[in-house]
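Here the structure is laid out as C-alpha cells; the discussion comes afterwards.
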Amino acid sequence: MCGIVGYVGRRQAAPILLEGLRRLEYRGYDSAGVAIQNGRGLEVRKLAGRVQGLRDELAQAPIAGTSGIAHTRWATHGAPTARNAHPHVDCTEAIAVVHNGIIENADALRAALERGGHRFRTETDTETLAHLIEEAAGTTLEERVAAALSHVVGTYGMAVVAANEPGKVVVARQGSPVLLGLGENEFFVASDASAVLEHTRSVVYLDDGDLAVLTPESYHVMDANAHVQLRDVSDIAWDLDAIDLGGYPHFMLKEICEQPEAVKGTLRGRLMLEEGVARLDGLNLTPEACSGISRVVIVACGTSWHAGLVGRHLIEELARLPVAVEYASEYRYRPRLTIPGTLTVAISQSGETADTLEAMRAAKAAGSRVLGLVNVVGSTIAREADGGIYLHAGPEIGVASTKAFASQIVALALLGLFLGRPRGLPLAAGQELACRLAQLPRLISLALALEPQVRELAREYAERRNFLYLGRGVSFPVALEGALKLKEISYIHAEGYPAAEMKHGPIALIDADMPVVFVAPRDAVYSKVLSNMQEVKARGGRIIAVTTEGSADHGALVDHRLCVPATAPLLSPVLTTVPLQLLAYHMAVLRGCDVDRPRNLAKSVTVE
Ligand code: G6P
Numbered sequence: 002m003c004g005i006v007g008y009v010g011r012r013q014a015a016p017i018l019l020e021g022l023r024r025l026e027y028r029g030y031d032s033a034g035v036a037i038q039n040g041r042g043l044e045v046r047k048l049a050g051r052v053q054g055l056r057d058e059l060a061q062a063p064i065a066g067t068s069g070i071a072h073t074r075w076a077t078h079g080a081p082t083a084r085n086a087h088p089h090v091d092c093t094e095a096i097a098v099v100h101n102g103i104i105e106n107a108d109a110l111r112a113a114l115e116r117g118g119h120r121f122r123t124e125t126d127t128e129t130l131a132h133l134i135e136e137a138a139g140t141t142l143e144e145r146v147a148a149a150l151s152h153v154v155g156t157y158g159m160a161v162v163a164a165n166e167p168g169k170v171v172v173a174r175q176g177s178p179v180l181l182g183l184g185e186n187e188f189f190v191a192s193d194a195s196a197v198l199e200h201t202r203s204v205v206y207l208d209d210g211d212l213a214v215l216t217p218e219s220y221h222v223m224d225a226n227a228h229v230q231l232r233d234v235s236d237i238a239w240d241l242d243a244i245d246l247g248g249y250p251h252f253m254l255k256e257i258c259e260q261p262e263a264v265k266g267t268l269r270g271r272l273m274l275e276e277g278v279a280r281l282d283g284l285n286l287t288p289e290a291c292s293g294i295s296r297v298v299i300v301a302c303g304t305s306w307h308a309g310l311v312g313r314h315l316i317e318e319l320a321r322l323p324v325a326v327e328y329a330s331e332y333r334y335r336p337r338l339t340i341p342g343t344l345t346v347a348i349s350q351s352g353e354t355a356d357t358l359e360a361m362r363a364a365k366a367a368g369s370r371v372l373g374l375v376n377v378v379g380s381t382i383a384r385e386a387d388g389g390i391y392l393h394a395g396p397e398i399g400v401a402s403t404k405a406f407a408s409q410i411v412a413l414a415l416l417g418l419f420l421g422r423p424r425g426l427p428l429a430a431g432q433e434l435a436c437r438l439a440q441l442p443r444l445i446s447l448a449l450a451l452e453p454q455v456r457e458l459a460r461e462y463a464e465r466r467n468f469l470y471l472g473r474g475v476s477f478p479v480a481l482e483g484a485l486k487l488k489e490i491s492y493i494h495a496e497g498y499p500a501a502e503m504k505h506g507p508i509a510l511i512d513a514d515m516p517v518v519f520v521a522p523r524d525a526v527y528s529k530v531l532s533n534m535q536e537v538k539a540r541g542g543r544i545i546a547v548t549t550e551g552s553a554d555h556g557a558l559v560d561h562r563l564c565v566p567a568t569a570p571l572l573s574p575v576l577t578t579v580p581l582q583l584l585a586y587h588m589a590v591l592r593g594c595d596v597d598r599p600r601n602l603a604k605s606v607t608v609e
C-alpha cells in the first residue's frame with residue numbers, strides 16, 4: 002500500500018528518497034512522486050507508473066536539495082494518474098504533503114476550503130491537507146500542521162515540507178504507521194523500516210497522535226497536546242541482505258525457499274521437547290489467566306485468516322477450547338459481545354492491517370485479552386496487544402504471503418501446546434507434537450524439492466482459466482490458500498472449497514477443462530477425500546493431488562501426484578502448501594505476470 006519516505010540532512014535528498022521508494026515498491030503502488038526543498042522553494046515531480054520512471058526523469062533534470070519527501074501511491078480517492086500522485090501542494094505551492102491513510106471528512110473540508118477561495122488541482126483526499134495547512138494559523142510549520150489536523154477526521158501517516166522553512170520535515174501519525182530513522186546529522190522518515198535500513202538501524206516508531214519535527218541537527222516528538230515526548234529508540238534486527246533478492250528472480254520464490262529458515266526462526270528457543278510444551282514468555286499469560294480462558298477468537302485478513310482456520314483445528318484439538326475464526330473486516334462492525342474468558346488472537350504478518358488492528362481494538366474494548374501473532378517487530382498490532390508471539394520469519398517482501406503463512410501455523414501450534422498441556426493434553430501427545438514441529442524445517446526442504454515437477458505441471462496448465470481447490474479438515478484452509486495464491490499472482494480464477502461441499506454447487510462446473518487440485522494428505526478424512534475424487538473423475542475432471550508420500554491408493558483416479566513428506570496430520574498444512582505456492586508462482590511466471598507486484602494488490606493494507 003502507499004509508502005512514505007522523507008529525508009533531512011547534509012546529503013543530496015533525491016537519491017536517498019528514490020532508493021527509499023524503491024525499497025517500498027513491494028508494498029504495491031500505482032504512481033510515485035517527490036518534493037524537494039531546493040533552496041529557493043519546493044520542486045515537485047510525480048508520475049503514474051514505476052519508481053524507475055521517476056528515477057529516469059530526475060536523471061534527466063536533477064533537483065538539488067538536502068531535504069524532501071517522497072511517496073508511492075496506491076489509489077483510493079481518485080484514479081492512479083500523475084495529477085493524483087503525491088506529493089500534493091497548496092494554492093501557492095509553498096507546502097507539499099505526502100500521506101497514507103484516508104481523510105474521512107475530505108468532501109466537507111474541500112467544500113469549505115473551496116468556498117474560502119482555495120483552488121484544488123486533484124481528486125484526492127490528501128490535497129485537503131495541503132490547503133488546510135496553508136489556511137492554518139501558526140508561526141512554524143509544526144504549529145500549522147497541528148492546527149490543520151485538528152479539523153481532520155480519519156487516518157494519516159504524513160510528512161510535510163514548506164518552502165519557507167528549508168531543512169525541516171514535519172511528520173504526523175494517526176492510524177497509519179510512520180517511523181523516524183536516526184542518523185548522524187541526518188534523519189529519515191518512512192512508513193516501513195526497509196526504506197531506511199540502508200542508512201540506519203535506529204528507529205523511533207511514532208504513536209497515534211504524535212507529531213515529529215526533523216532538522217539536520219535534531220528531532221523531537223510531541224503528543225497531541227504539544228508536549229514533547231521521549232519515545233524509545235528501537236534497533237532493527239535484520240540485515241539489508243534480508244530485503245535483497247540474493248540471486249533469486251523474485252522475492253516470492255526466495256521467500257517460498259526460505260520457509261525452512263522462517264520456521265526455524267519461529268521455533269527458536271520455544272520448544273521444550275522433554276516437557277512437550279512451548280515456552281512463550283511474550284504472551285504475558287500467567288497460569289491463572291490461562292486457566293480463565295474459555296474460548297478463543299481469531300481475527301485476521303487474507304492469508305493470515307487462512308492460517309487462523311488452521312489454528313482453529315490446532316487449538317481445538319490440543320487445548321479443547323472452542324475457537325471462532327473471523328474476518329477482521331466483518332468482526333469489527335458486529336455487536337461487541339463481552340463474553341468473559343475470551344482470548345482474542347490477531348494474526349498479521351505486517352502488524353499494520355487496518356481491519357485487523359481495529360478488530361483487535363474492538364475486542365479489547367469489549368474486555369477481551371488480546372494477543373498478536375505478528376512478523377514485523379514494533380508494528381502497531383504488536384505494540385497494542387497485551388502479549389503475543391513474534392513470528393521471526395524474517396522480512397516478507399513478496400506481495401503474496403508465503404513464508405509468513407508457514408510461520409503463523411507453527412506459532413499457532415506453539416500456542417496450542419502452551420494452552421493445551423495445562424488443560425489436559427497428555428505429556429506423550431505434547432512431546433510427539435513438539436518433536437514433529439522440530440522436524441518441520443527439514444521436511445519443508447524435502448517438499449521444496451518438488452519444484453521441477455511442479456514447474457512441468459505449470460507448463461501443462463498455464464493456459465487454463467479456472468481452477469478448483471478442494472480439501473477437508475485441516476486441508477480446507479490449504480485449499481483456500483492455494484486458490485488465493487493462484488488468483489493473486491497469475492490472475493487465473495480459482496476457488497477453494499471444502500471437498501464434500503463441492504456437491505452443493507461447484508460440481509456443476511466440472512468438466513475436462515476444470516483442473517481440480519485436491520489437498521489430500523493421509524489423515525483421518527483421507528478415505529472421504531478419495532470419494533470426493535471419484536465424484537470429480539466421474540464427471541471427466543482432471544485431478545492434481547497433493548498428498549503424502551506412500552499413499553498410492555488413489556491410483557488411476559489422479560492425473561498428477563505431488564507427494565510431500567508425512568508429518569503429524571495437524572501440521573500437514575505447512576508441507577502441503579509448499580507445492581501450491583510453487584504452482585502459483587510458476588504459472589504466473591509462465592503467463593508473464595509481475596509476480597512481486599501483482600496488479601491492484603498491496604502488501605500491507607493500512608486502509609479499511
Ligand atoms: C494483504 C496481502 C496479503 C495478506 C493480507 C493480510 O491483502 O496482500 O498477502 O495476507 O494483506 O496482511 P497481514 O499483514 O495482516 O498478514
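The sequence shown: position 444 = 445 (our numbering), numbered continuously. Glycine included, every Cβ here is placed at the ideal spot set by N, Cα and C. All figures in this text were calculated on a predicted structure; none of them were measured in a lab.
{"Asked": "Selection from Glu136, Ala80, Leu602 and Leu59 that minimises the alpha carbon distance to Val90", "Found": "Glu136"}
{"Asked": "Cys3 Cβ short of 6 Å to the ligand G6P heavy atom set", "Found": "no"}
{"Asked": "Leu392 Cβ short of 6 Å to the ligand G6P heavy atom set", "Found": "no"}
{"Asked": "For Ser32, the nearest candidate out of Arg422, Asp242 and Ala80 (CA to CA)", "Found": "Ala80"}
{"Asked": "Beta-bridge pairing of Leu471 - partner residues as DSSP gives them", "Found": "Tyr498 and Phe519"}
{"Asked": "Residues near Gly388 by beta carbon distance below 7 Å, same chain, minus five either side", "Found": "Gly283, Leu284, Asn285, Leu286 and Leu372"}
{"Asked": "Closer than 6 Å: Gly303 CB and nearest the ligand G6P heavy atom", "Found": "yes"}
{"Asked": "First and last residue of the uninterrupted alpha helix (DSSP H) at Ser351", "Found": "Per DSSP, Ser351 belongs to no alpha helix (DSSP H) and is neither H nor E."}
{"Asked": "C-beta contact flag for Ala567 and Ala546 at 7 Å", "Found": "no"}
{"Asked": "DSSP three-state assignment for Glu327, whether helix, strand or coil", "Found": "strand"}
{"Asked": "Bounding residues of the beta strand (DSSP E) (the contiguous stretch that carries Glu44)", "Found": "Leu43 to Ala49"}
{"Asked": "Limits of the beta strand (DSSP E) - the one that Asn101 falls within", "Found": "Ile96 to Asn101"}
{"Asked": "6 Å Cβ shell around Ser235 - same chain, five flanking residues per side excluded", "Found": "Val204 and Gly379"}
{"Asked": "Near the ligand G6P: Val411 beta-carbon under 6 Å from a heavy atom", "Found": "no"}
{"Asked": "beta-carbon Gln582 near the ligand G6P non-hydrogen atom, thresh 6 Å", "Found": "no"}
{"Asked": "Euclidean distance between Cα positions of Thr548 and Asp597", "Found": "28 Å"}
{"Asked": "Residue from Val297, Arg271 and Ala539 with nearest C-alpha to Met361", "Found": "Val297"}
{"Asked": "Chain-order list of residues whose beta-carbon lies under 8 Å from that of Ala138 (same chain, five-residue window excluded)", "Found": "Glu144, Arg145 and Ala148"}
{"Asked": "For Gly506, three-class secondary structure by DSSP", "Found": "coil"}
{"Asked": "For Cys258, the first and last residue of its enclosing alpha helix (DSSP H)", "Found": "Phe252 to Cys258"}
{"Asked": "In DSSP terms, what Phe189 is bridged to", "Found": "Tyr8 and Gly182"}
{"Asked": "Presumed contact (8 Å Cβ cut-off) between Leu268 and Leu438, rounded CB distance", "Found": "6 Å"}
{"Asked": "Opening and closing residue of the beta strand (DSSP E) in which Leu420 lies", "Found": "Segment Lys404 to Gly421 is the alpha helix (DSSP H) holding Leu420; no beta strand (DSSP E) there."}
{"Asked": "Residue of Arg84, Glu496 and Ala112 minimising C-alpha distance to Thr123", "Found": "Arg84"}
{"Asked": "Where the beta strand (DSSP E) containing Ser68 begins and where it ends", "Found": "Ser68 to Arg74"}
{"Asked": "Gly176 to Asp208 span [Cα, whole Å]", "Found": "8 Å"}
{"Asked": "Residues of its chain near Glu187, where Cβ-Cβ distance is below 8 Å and the 5 sequence neighbours each way are ignored", "Found": "Tyr8, Val9, Gly10, Arg11, Arg12, His200 and Pro217"}
{"Asked": "Beta-carbon proximity check, Ile299 vs Val326, cutoff 7 Å", "Found": "yes"}
{"Asked": "Start-end ranges of the alpha helix (DSSP H) lying completely within the region 361 to 398, minimum 4 residues", "Found": "381 to 385"}
{"Asked": "Opening and closing residue of the alpha helix (DSSP H) in which Ala163 lies", "Found": "Segment Tyr157 to Ala163 is the beta strand (DSSP E) holding Ala163; no alpha helix (DSSP H) there."}
{"Asked": "Integer-rounded CB distance, given that Arg465 should sit under 8 Å from Asp514", "Found": "7 Å"}
{"Asked": "Contact under 7 Å by Cβ, Gly54 with Ala86", "Found": "no"}
{"Asked": "Whole-Å CB distance - Leu441 paired with Val411, under 8 Å assumed", "Found": "7 Å"}
{"Asked": "Whether Ala320 touches Arg443 by CB criterion (7 Å)", "Found": "no"}
{"Asked": "Inter-stretch contact at 8 Å, needing at least 3 Cβ pairs: the region 113 to 131 / the region 90 to 100", "Found": "yes"}
{"Asked": "The region 329 to 337 touching the region 347 to 359, judged by at least three CB pairs closer than 8 Å", "Found": "yes"}
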